[in-house]
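**Student:**
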Amino acid sequence: MLLYFIRHGDPIYEPDSLTPLGEEQAKALVNRLGDVKFDRVFVSSSNRAIQTAIPTCEKQNKEYEILDWCNEKYSAEELMDYNSQGKRYFMKDCDNYRRLFASKEIEKLGFDWYNHPAFKDKKCKSGIKRISLKTDEFLEDLGYFHDRENRCFIPKKPNDDIVALFAHEGFGSAFLSNILDIPYPMFCTRFSMCHSGITVVAFDNCDEAFLPKILTYSNDSHIKAVGIKTRWPFGIEI
Numbered sequence: 009m010l011l012y013f014i015r016h017g018d019p020i021y022e023p024d025s026l027t028p029l030g031e032e033q034a035k036a037l038v039n040r041l042g043d044v045k046f047d048r049v050f051v052s053s054s055n056r057a058i059q060t061a062i063p064t065c066e067k068q069n070k071e072y073e074i075l076d077w078c079n080e081k082y083s084a085e086e087l088m089d090y091n092s093q094g095k096r097y098f099m100k101d102c103d104n105y106r107r108l109f110a111s112k113e114i115e116k117l118g119f120d121w122y123n124h125p126a127f128k129d130k131k132c133k134s135g136i137k138r139i140s141l142k143t144d145e146f147l148e149d150l151g152y153f154h155d156r157e158n159r160c161f162i163p164k165k166p167n168d169d170i171v172a173l174f175a176h177e178g179f180g181s182a183f184l185s186n187i188l189d190i191p192y193p194m195f196c197t198r199f200s201m202c203h204s205g206i207t208v209v210a211f212d213n214c215d216e217a218f219l220p221k222i223l224t225y226s227n228d229s230h231i232k233a234v235g236i237k238t239r240w241p242f243g244i245e246i
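Counting in my numbering, the sequence shown tops out at residue 246, every number present.
1) Could you give the DSSP three-state label for Arg-15: helix, strand or coil?
2) Tell me the DSSP secondary structure of Ser-54 in three-state form.
3) Report the partner residues of Cys-214 according to the DSSP bridge assignment.
4) Using only the alpha-carbon positions, how far apart do Leu-150 and Asp-76 sit?
5) Quick check: Glu-86 and Lys-142, are their CB atoms within less than 8 Å of each other?
6) Can you say whether Leu-184 is buried or exposed, counting buried as having 16 or more other CB atoms within 10 angstroms of its CB?
7) Whose C-beta lies closer than 6 Å to the C-beta of Pro-241 among residues of the same chain, with five residues either side of it excluded?
8) Below 8 Å on the Cβ atoms is my contact criterion, and I expect Val-208 with Tyr-12 to pass it. Report the Cβ-Cβ distance as a whole number of Å.
9) What's the gap between the Cα of Ile-8 and the Cα of Cys-160?
10) Put Tyr-21 into one of helix, strand or coil per three-state DSSP.
11) Using the Cβ count rule (16 or more neighbours within 10 Å means buried), how would you classify Ile-139?
12) Please state the DSSP three-state secondary structure of Leu-26.
13) Check this for me: beta carbons of Phe-64 and Gly-17, under 8 Å apart or not?
14) Tell me the rounded alpha-carbon separation between Ala-57 and Glu-177.
15) Counting C-beta neighbours from all protein chains within 10 Å, is the total for Asp-120 16 or more, i.e. buried, or is it exposed?
16) So for Ile-231, helix, strand or coil by DSSP?
17) Quick one: grab the DSSP three-state call for Cys-65.
18) Hey, out of Asp-168, Ser-204, Ala-126 and Ser-54, whose CA is closest to Glu-22's CA?
19) Mark Asp-228 as exposed unless 16 or more other C-beta atoms lie within 10 angstroms of its C-beta, in which case mark it buried.
20) Let me confirm a value: Ala-175 is counted as buried when at least 16 other C-beta atoms fall within 10 Å, else exposed. Which label applies?
21) Does Val-234 pass the burial test, meaning 16 or more other C-beta atoms within 10 Å, or should it be called exposed?
22) From the DSSP secondary-structure annotation, give me the bridge partner or partners of Cys-160.
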């Protein structure tokens with residue numbers, strides 16, 4: 009199975025929708041995914057994710073299935089806090105949490121990083137556990153059981169399906185770190201995801217336990233093809 013995780017296009021957060029740039033990014037996805045025939049398409053319940061998915065679904069004559077648990081309104085409550093710039097994800101707060109995430113004390117805690125005193129009054133633990141549980145249920149429904157004790161997946165119904173999930177970066181960092189069995193602080197501070205970026209995860213269709221592999225991460229070739237520059241953190245535009 010191939011799982012395509014696609015971040016929504018350039019957004020307007022209030023009201024929840026796409027900017028004209030985001031609409032162009034969503035249209036550009038159609039050509040990039042032209043040779044990919046999705047067996048199932050899942051979408052966060054947010055308008056910006058749905059609007060990003062619609063051009064691809066219309067082109068492929070495919071109905072999308074809404075997954076409310078992927079909506080960033082939940083992960084925002086669980087993995088955000090306030091700083092001088094307003095409400096921000098822990099991974100984007102340069103002065104405090106992001107530096108803590110990269111520290112040796114968090115590294116030692118591993119998957120239990122949320123037990124650090126700095127997160128005592130936060131919703132990190134319940135949030136990560138929620139996403140972990142729902143991610144495992146989602147993947148098991150697609151045919152793959154997550155053996156967390158041994159950090160691997162066991163095929164229950166191995167298949168060659170191609171599945172898409174249109175969602176968000178904040179949620180996606182927790183979602184993908186769960187699939188890869190990489191502690192969230194280590195993952196989210198080292199990988200950035202552009203608007204409409206395509207990430208592909210491969211699940212083996214063998215009969216034995218395996219580790220999923222990232223084939224491409226936040227690929228932006230579709231927007232490059234139409235002359236749109238990609239905006240990255242730190243003011244980088246390429």
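Note that beta-carbon positions come from the ideal geometry of N, C-alpha and C, so glycine has one too. Here the structure is a predicted model, which means the values were calculated and not measured.
**Tutor:** The relevant details are as follows:
1) The count along the sequence shown starts at 1 and reaches residue 15 at position 7. In this structure, Arg-15 counts as strand in the three-state DSSP scheme.
2) Counted from its first residue, the sequence shown places residue 54 at position 46. Ser-54: coil per DSSP, three-state reduction.
3) Position 206 of the sequence shown holds residue 214. BP columns for Cys-214 are empty, so no partner.
4) Position 142 of the sequence shown holds residue 150. Position 68 of the sequence shown holds residue 76. So the alpha carbons of these two residues sit roughly 17 Å apart.
5) By 1-based counting over the sequence shown, the position of residue 86 is 78. By 1-based counting over the sequence shown, the position of residue 142 is 134. Result no, Cβ atoms of Glu-86 and Lys-142 do not sit closer than 8 Å.
6) Here residue 184 corresponds to residue number 176 of the sequence shown, with the count starting at 1. When all chains shown are included, Leu-184 counts as buried.
7) Counting from one through the sequence shown, the residue named residue 241 turns up at place 233. Ser-200, listed in sequence order.
8) Mapped onto the sequence shown, residue 208 falls at position 200. Mapped onto the sequence shown, residue 12 falls at position 4. Yes, they are in contact, since the Cβ atoms of Val-208 and Tyr-12 sit about 6 Å apart, within 8 Å.
9) Look at the range of the chain in this structure, 9 to 246, and you will see that residue 8 is not part of it.
10) By one-based count along the sequence shown, residue 21 stands at place 13. Correct three-state label for Tyr-21: coil.
11) Position 131 of the sequence shown, counting from 1, holds the residue named residue 139. The residue in question, Ile-139, is buried, as its Cβ has 16 or more Cβ neighbours within 10 Å.
12) Working through the sequence shown from its first residue, we reach residue 26 at position 18. It is a strand residue.
13) Counted from its first residue, the sequence shown places residue 64 at position 56. Counted from its first residue, the sequence shown places residue 17 at position 9. Per the sequence presented here, residue 64 reads as Thr, with Phe not at that position. Not a contact, by the Cβ cut-off of 8 Å.
14) Against the sequence shown, residue 57 aligns to sequence position 49. Against the sequence shown, residue 177 aligns to sequence position 169. Approximately 11 Å between the Cα atoms of the pair.
15) Residue mapping note: residue 120 aligns to position 112 of the sequence shown, counting from 1. So Asp-120 ends up on the exposed side.
16) Here residue 231 refers to the residue found at position 223 when the sequence shown is read from its first residue. Of the three classes helix, strand and coil, the one that applies to Ile-231 here is helix, per DSSP.
17) Here residue 65 corresponds to residue number 57 of the sequence shown, with the count starting at 1. Helix at Cys-65.
18) Reading the sequence shown from its first residue, position 14 is the one you call residue 22. Among Asp-168, Ser-204, Ala-126 and Ser-54, the Cα nearest to that of Glu-22 belongs to Ser-54.
19) The residue labelled residue 228 in the question sits at position 220 within the sequence shown. By the neighbour-count rule (16 or more Cβ atoms within 10 Å), Asp-228 is buried.
20) Against the sequence shown, residue 175 aligns to sequence position 167. By the neighbour-count rule (16 or more Cβ atoms within 10 Å), Ala-175 is buried.
21) Residue numbering aside, residue 234 sits at position 226 when the sequence shown is read from its first letter. With fewer than 16 other Cβ atoms within 10 Å, it is exposed.
22) In the sequence shown, the residue the question calls residue 160 occupies position 152. Looking at the DSSP assignment, Cys-160 forms a beta bridge with Asp-155.
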